[in-house]
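Chains as they are written, first to last, in the working numbering: chain G, 2 to 315; chain P, 2 to 315.
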């Protein structure tokens, strides 16, 4: 048995995972930032013991614990270099955990974990060269080449900060024009709110009013489906922003597949098909490429836990 | 002894190289495009024999022949997938050469060769994680991680086609806004010619007239040094374009050093220092990075031959 722990900015999700990728028991609790790593680890340890008891297992049944963390990770040394959403910098996480629970442990960036999970149990199974991106508040990225996670200088990639617009929108990282300022799901939400304000007579604005101002990236896709021109333009631009970054990555890495995760990927065909179309055009225009598939993550809500557990599956 | 052959769009440069990276004998001839690979190989074979004779060596002294080719290379299978400047597609190059000369042979993208050369004998010797870019008609890129050349799906990277400006200038690849449309040395030349036309009273325009309309990227740097405001703006923008792409690559690969090649890198401190400054600011702003050095290639005119020969040095 393996334990997967997905530490997010809002929730910690964790579970016991079989070597076939099945979740036998799981739980979650609020991350409650700001919080010290030691304090969070204490709650994780309590929950590991609870999950084991609930499943009639003991520590001896655990082959290892994998942690997925949103941030820049020094995998080799088990150190969180920086995790902005957790407000942590230079945390000797693996060592802190081992002080509390003597089990084999690995930690990786959460998007890399997701890619491992999709690669072992999900939509990237047939591929040795795969890139996964998660569209959320920012853009997370995991890159697998020849079956191995890419690690530059011991660190994970952070493709969300590739610049796609010189002198473009200000990003929290200090740069301007980062990909995630245009292609994250929160970027689409932000653009949708702006566009609705500027177009008070649009169906988009009606929908937002009907939901008492609540907007998510899904709102825009729904309004576009209803034929609203403002929303359609937003969606077209959004697909273009996403595809632009993917094509940049294709020139660098020549992947066989892009796997896209995050709530918005649940839009399914509406969302994936036009991106696939852009990639197909690209491949055709540069006829030296094999085709590049575009897929959404298939492990869905289990991805975080199963991905983290996959770290320990060798 | 090793033989290095650098096939460029204009010239083929080749030489005999010692294991210490010294060129013992060299020659060059016009590539003369359009030309069949077989025909070019014939001329290369003649020249290899001539160089050996001239150096009192025989084929038995040759440990291998390395080829550097500007394009997308399938290194494993020795195939040129596409080399736009040579007008070649899907060329089984290594096999064709071996039909004529039975020696150990390897072929790589020319920027990857340059990085190998700089890594073994030049400015990247102390680094295991290095990225080299060459600024010419386009932008070539070589990426080394943990001492090994990056190979995605068996191919070299083509970072010159990362998009840095969504919906930007049209590129020959079919996309808009590619990095090389802004940061190659030919991009600077093109912008310089436009700016001089639009500012007929500028010192920049005077200089261009004095040289009978001949413009290179160096022209702009010279005019900027003389205090011309138009040229200064061009140089500032150019440095920004280059740095923007480098920083995108830093987020993805976390390199220890960027090595910059191409004629314009000979500008030296005028050129490298402001890029280093941009990278230093980036590192400071995201305080989790170690510093990233920026250097120009040091092998200069020998880089093509020595780099290609390095392919065979294990």
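Even for Gly, the Cβ is constructed at its ideal location relative to N, Cα and C. If you're wondering where the values come from, they're calculated on a predicted model, not measured in any experiment.
Item: Taking the alpha-carbon positions, what's the residue 101 of chain G to residue 46 of chain G distance?; Value: 7 Å
Item: Is the Cβ of residue 70 of chain P closer than 8 Å to any Cβ of chain G?; Value: no
Item: Beta carbon of residue 310 of chain P, beta carbon of residue 30 of chain P: below 8 Å?; Value: no
Item: Counting only Cβ pairs nearer than 9 Å, list the residues of chain G close to residue 172 of chain P.; Value: The premise fails here: residue 172 of chain P is roughly 11 Å from chain G at the closest Cβ pair, so nothing lies under 9 Å.
Item: Starting from residue 273 of chain P, trace the alpha helix (DSSP H) in both directions and tell me its first and last residue.; Value: 270–286
Item: Which runs of the alpha helix (DSSP H) fall wholly inside the segment 141–220 of chain G and span at least 4 residues, in chain order?; Value: 181–184, 186–199 and 204–211
Item: If you draw a straight line from the C-alpha of residue 257 of chain P to the C-alpha of residue 312 of chain P, how long is it?; Value: 22 Å
Item: Which residue wins for smallest C-alpha separation from residue 206 of chain G, given the options G/224, G/191, G/294 and G/218?; Value: G/224
Item: For residue 90 of chain G, tell me which candidate among G/52, G/64, G/35 and G/137 has the shortest Cα-Cα distance.; Value: G/35
Item: List the residues of chain G that residue 159 of chain P touches, going by C-beta distances under 8 Å, in chain order.; Value: 252 and 253
Item: Assign residue 30 of chain P to one of three DSSP states: helix, strand, or coil.; Value: strand
Item: Once the 5 residues before and after residue 129 of chain P are set aside, which same chain residues still bring their CB inside 8 Å of it?; Value: 145, 146, 147, 148 and 257
Item: Can the beta-carbon of residue 166 of chain G be found less than 8 Å from the beta-carbon of residue 175 of chain G?; Value: no
Item: Specify, as a first and last residue, the run of the alpha helix (DSSP H) that residue 43 of chain P falls within.; Value: 38–55
Item: Taking 8 Å as the threshold (beta carbon to beta carbon), is residue 116 of chain G in contact with chain P?; Value: no
Item: Less than 8 Å between the CB atoms is what I'm expecting for residue 327 of chain G and residue 81 of chain G, so what's the real figure, rounded?; Value: One cannot answer for residue 327 of chain G here, as it falls past the ends of chain G, which runs 2 to 315.
Item: Ends of the beta strand (DSSP E) at residue 327 of chain G?; Value: The question about residue 327 of chain G has no answer here: the residues shown for chain G are numbered 2 through 315.
Item: Could you check whether residue 163 of chain P and residue 180 of chain G sit closer than 8 Å to each other, using their CB atoms as the reference points?; Value: no
Item: According to DSSP, simplified to helix, strand and coil, what is residue 76 of chain G?; Value: coil
Item: Could you tell me which of G/114, G/216 and G/86 sits nearest to residue 173 of chain G, measuring between CA atoms?; Value: G/86
Item: For the segment 281–293 of chain G against the segment 237–252 of chain G, are there 3 or more C-beta pairs whose distance is under 8 Å?; Value: yes
Item: For residue 257 of chain G, go through chain P and note every residue whose CB falls closer than 7 Å to its CB, in chain order.; Value: 154
Item: Contact defined as beta carbons within less than 8 Å: I believe residue 218 of chain G pairs with residue 190 of chain G. What is the distance between those atoms, to the nearest angstrom?; Value: 6 Å
Item: Check whether the Cβ of residue 108 of chain G lies closer than 8 Å to any Cβ atom in chain P.; Value: no
Item: How long is the line joining the alpha carbons of residue 152 of chain G and residue 131 of chain P, rounded to whole angstroms?; Value: 13 Å
Item: On the DSSP bridge assignment, give the partners of residue 83 of chain G in chain order.; Value: G/73 and G/90
Item: Of all Cβ atoms in chain G, is any one closer than 8 Å to the Cβ of residue 137 of chain P?; Value: no
Item: Bridge partners of residue 131 of chain P, per DSSP?; Value: P/145 and P/258
Item: Whole angstroms are fine: how far does the CA of residue 192 of chain P sit from the CA of residue 198 of chain P?; Value: 10 Å
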